[in-house]
Amino acid sequence: MSAQIADALVMGGLLVSGDNVTRADVLISDGGVREVGPDLSGRDARRVIDAAGRYILPVGIDSHAHPVYGDKMDTFSMCAAYGGVTTIVAFIGSETHRHERFGNTWGLRKYNPDIVKGFIEYAEQDSYTDFAVHGLVTIRDQDDLDQVIPDLVRMGVISYKVFMTWNPWVLDSATNDLAVPDEMVMRVMELAAHNGGLPMVHAENGCCKAYLETRYRSQGMTSIQHCLDSAPNILESEAVNRAAIMAQLAGSPLYPVHLSAREVVPVLERYTELGLPIFGETCPHYLTLTNDDLLEKGYRLKVAPPLRQNEDQDAMWQGLATGVLNTIGSDFTGYTRALKLTGSLEGEFVEPEPGHENIFEVAAGLSTLEHMMPVVWTHGVNTGRITMQRFVQVFSENPAKIFGIWPQKGALPPGSDADLIIWDPAKRHVVGQEHGISDLSTFEGMELLGMPVMTMVRGEVVVDDGRLVGKQGTAQYVRGDPNATAYAPGGPNVS
Ligand SMILES: [Zn+2]
3 MSAQIADALV MGGLLVSGDN VTRADVLISD GGVREVGPDL SGRDARRVID
53 AAGRYILPVG IDSHAHPVYG DKMDTFSMCA AYGGVTTIVA FIGSETHRHE
103 RFGNTWGLRK YNPDIVKGFI EYAEQDSYTD FAVHGLVTIR DQDDLDQVIP
153 DLVRMGVISY KVFMTWNPWV LDSATNDLAV PDEMVMRVME LAAHNGGLPM
203 VHAENGCCKA YLETRYRSQG MTSIQHCLDS APNILESEAV NRAAIMAQLA
253 GSPLYPVHLS AREVVPVLER YTELGLPIFG ETCPHYLTLT NDDLLEKGYR
303 LKVAPPLRQN EDQDAMWQGL ATGVLNTIGS DFTGYTRALK LTGSLEGEFV
353 EPEPGHENIF EVAAGLSTLE HMMPVVWTHG VNTGRITMQR FVQVFSENPA
403 KIFGIWPQKG ALPPGSDADL IIWDPAKRHV VGQEHGISDL STFEGMELLG
453 MPVMTMVRGE VVVDDGRLVG KQGTAQYVRG DPNATAYAPG GPNVS
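When you line the sequence shown up against my numbering, it's residues 3 to 497, in that order.
Below is the structure:
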């Protein structure tokens, strides 16, 4: 080891990885981890950070981020950094009509990979944290899909989502405009199989969901009491099953996003047994909130799939603990009241009386990112439902391995990016508003025990004890490598 002075030394903490918890100091230079050891007190560093009594964790990776509607990359990444996340994996694609509605000028180009390029240039300037990109394929890509997917993979965008619900050919509504037909889902999977890509699906049966919504609307059953009934569990497990059959036929892996229904767990188990690389993601709200919360707090908790019941919540925790579910993503959209009620940030609205909102006219989306990790720590680690090591696996190691960015991101061995959190397990916090633009904090009022007190990206502190000290203009785009993924031959194992 050279005598060169390091940039920072994090001392006295307990380092948590997916495998174990050890007493370890971390020496940081040039944005990377240089050395990890039980006692590095002899090393010279410009800054010494005391982590005694605290844990050192790799930062969170938000596997499911939408920084293009309410909160954009500036405030979105601020919320992320406050919450211990410094790699945001954003869904970016050809939802051009939405980019127009939400003023994303970079999103108005015609060719899907050009939209992604525009986003990367914009986000490098505006974000406080690093980011990767998931593609988003819509019906607008149907004519040049054969070029779109290989081009995305070449750019390091190796995963792409399609919507199996919100069928524009059934329901004529601003919120029902994203689905692609099964034929196109199948083509996406085939192209993924040939190019090392990972298809992601929003799995709800769009035809049945549209049928139910039409029926409920025509009978005037539009209150929040009908939110859950109109999107029952079976629509989700059926769609996951259908997507898994398609992936198996096409020879591609599969990543169904934001899972919520208990019936999905045996479906994932079955296809795993059959040898399909299938990765399951859930969200902090499916782990901690239910339909009862929606009935109490109203339209602000509308999300898709909907909040479900205690049995579903238990199944999600069990799935996380046993390894059937592999990741937790925020699905943060940063929606404001105006946006939820009118579809536009500038829309004028009158706050509906509780129980009198038309739930089908309310946009689905929550504000979850800033408190995602502390919420899961409080309800998962503190209660013994998952271990600290599992917490690190699902928030850091697994997403990095699945999306081909490990071990640069998601772990802290020497040579990796120095993206770390100092976590205070004794720090209490009552959730108020987030640091973004949203006036609807999903976990508002929840009491938390265990919070990040410092967040670092590539050795630079972004948030220090509740203060944002990071700067815009230093964010890096992280490219996924298809050959380094958990589904590539010889790739890392995900648990
Ligand atoms: Zn989403």
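Every residue gets a Cβ at the ideal spot worked out from N, C-alpha and C, and that includes glycine. As the structure is a prediction and not an experimental result, all values here were calculated from the model.
*Near E206, which residues of its chain fall below 8 Å by C-beta distance, leaving aside the five closest residues on each side in sequence?*
M166, T167, A233, L237, E238, A241, A306, P307
*Using CA coordinates, which residue listed in S418, S161, S440, E399 is at the minimum distance from S19?*
Just measuring C-alpha positions, the residue of S418, S161, S440, E399 sitting nearest S19 is E399.
*Could you tell me whether the segment 364-371 touches the segment 117-126, using the rule of 3 or more Cβ pairs below 8 Å?*
Remark: fewer than three beta-carbon pairs, one from each stretch, lie closer than 8 Å, so the segment 364-371 and the segment 117-126 are not flagged as touching.
*Where does A491 land, buried or exposed, given buried means 16+ other C-beta within 10 angstroms?*
Per the sequence presented here, residue 491 reads as Pro, with Ala not at that position. Residue burial annotation: P491 is exposed, with fewer than 16 other C-beta atoms found within 10 angstroms of its C-beta.
*Among the residues of its own chain, which have a CB less than 6 Å from the CB of F281, if the five just before and after it don't count?*
Counting only Cβ-Cβ distances below 6 Å, and skipping sequence neighbours, we find Y257, N328, I404.
*By how many angstroms is the C-alpha of R219 removed from the C-alpha of K473?*
48 Å
*Compute the minimum distance between the beta carbon of D333 and the heavy atoms of ligand 1, and state whether it is under 7 Å.*
The answer is yes for D333.
*asked:* Using only the alpha-carbon positions, how far apart do N485 and D333 sit?
replied: 27 Å
*Reduced DSSP secondary structure (H/G/I, E/B, other) of V18*: strand
*How is D27 classed by DSSP in three states: helix, strand or coil?*
strand
_With the cut-off set at 8 Å, would you say G482 and S161 are in Cβ contact?_
yes
*Grab me the residues of R36's own chain with a C-beta within less than 7 Å of its C-beta, minus the 5 sequence neighbours each way, in chain order.*
A8, L29, I30, P416
*How should G475 be labelled, buried or exposed, when 16 other C-beta atoms within 10 angstroms of its C-beta is the threshold for buried?*
By the 10 Å Cβ count, G475 comes out exposed.
*Do three or more CB pairs link the segment 407-427 to the segment 335-352 at distances below 8 Å?*
no
*Using only alpha-carbon positions, find the residue among S96, A54, A134 that is nearest to D116.*
S96
*If you compare alpha carbons, which of P376, N384, F133 is closest to I424?*
P376
*Among residues of its own chain, excluding the 5 on either side of D73, which ones have a beta-carbon nearer than 6 Å to its beta-carbon?*
G336, G438, I439
*Could you check how far apart the C-beta atoms of L296 and C229 are, in whole angstroms? I think they sit under 8 Å.*
6 Å
_Proximity winner among K163, L180, V159, relative to N169 (alpha-carbon distances)_ = L180
*Nearest residue (CA-CA) to D184, options C209, R25, N197*: Closest by alpha carbon: C209.
*Taking buried to mean at least 16 other C-beta atoms within 10 Å of its own C-beta, is L276 buried or exposed?*
exposed
*Out of R430, S443, F445, D421, which has the shortest C-alpha to C-alpha gap to V465?*
D421
*Do D132 and Q478 come within 8 Å of each other at the CB atom, strictly closer than that value?*
yes
*asked:* Less than 7 Å between C-beta atoms, sequence neighbours within five positions excluded: which residues of the same chain meet that for E102?
replied: L110
*asked:* Could you compute how far the alpha carbon of T292 sits from the alpha carbon of I330?
replied: Approximately 17 Å, taken between the alpha carbons.
*For ligand 1, is there a heavy atom less than 7 Å away from the beta-carbon of V91?*
no
*asked:* Quick test of the definition: if touching needs 3 or more C-beta pairs under 8 Å, does the segment 376-392 touch the segment 444-452?
replied: yes
*Which partner residues of E449 appear in the DSSP bridge assignment?*
V432
*Which residues in the same chain have their Cβ closer than 7 Å to the Cβ of G39, if we skip the five residues on either side of it in sequence?*
A26, D27
*Taking the beta strand (DSSP E) that P376 falls in, what are its first and last residues?*
From DSSP, P376 is part of no beta strand (DSSP E) but of the alpha helix (DSSP H) over 371-378.
*Distance, V190 Cα to I90 Cα*: 24 Å
*Measure the beta-carbon distance from A245 to V203 and round it to whole angstroms, keeping in mind my assumption that it falls under 8 Å.*
With a Cβ gap of about 5 Å, A245 and V203 count as contacting.
*asked:* For a test of the three-state rule: what should DSSP assign to G321, helix, strand or coil?
replied: In the structure shown, G321 sits in a helix (DSSP, three-state: H, G or I).
_For the segment 73-87 against the segment 308-324, do three or more pairs of beta-carbon atoms, one drawn from each stretch, fall closer than 8 Å, so that the two count as touching?_
Two segments are said to touch when three or more pairs of C-beta atoms, one from each, lie closer than 8 Å; by this definition the segment 73-87 does not touch the segment 308-324.
*asked:* Given 7 Å as the limit, tell me if I66 has its C-beta closer than that to any heavy atom belonging to ligand 1.
replied: A quick correction: the sequence has His, not Ile, at residue 66. Answer for H66: yes, Cβ within range of ligand 1.
_Any non-hydrogen atom of ligand 1 within 7 Å of H260 CB_ = yes
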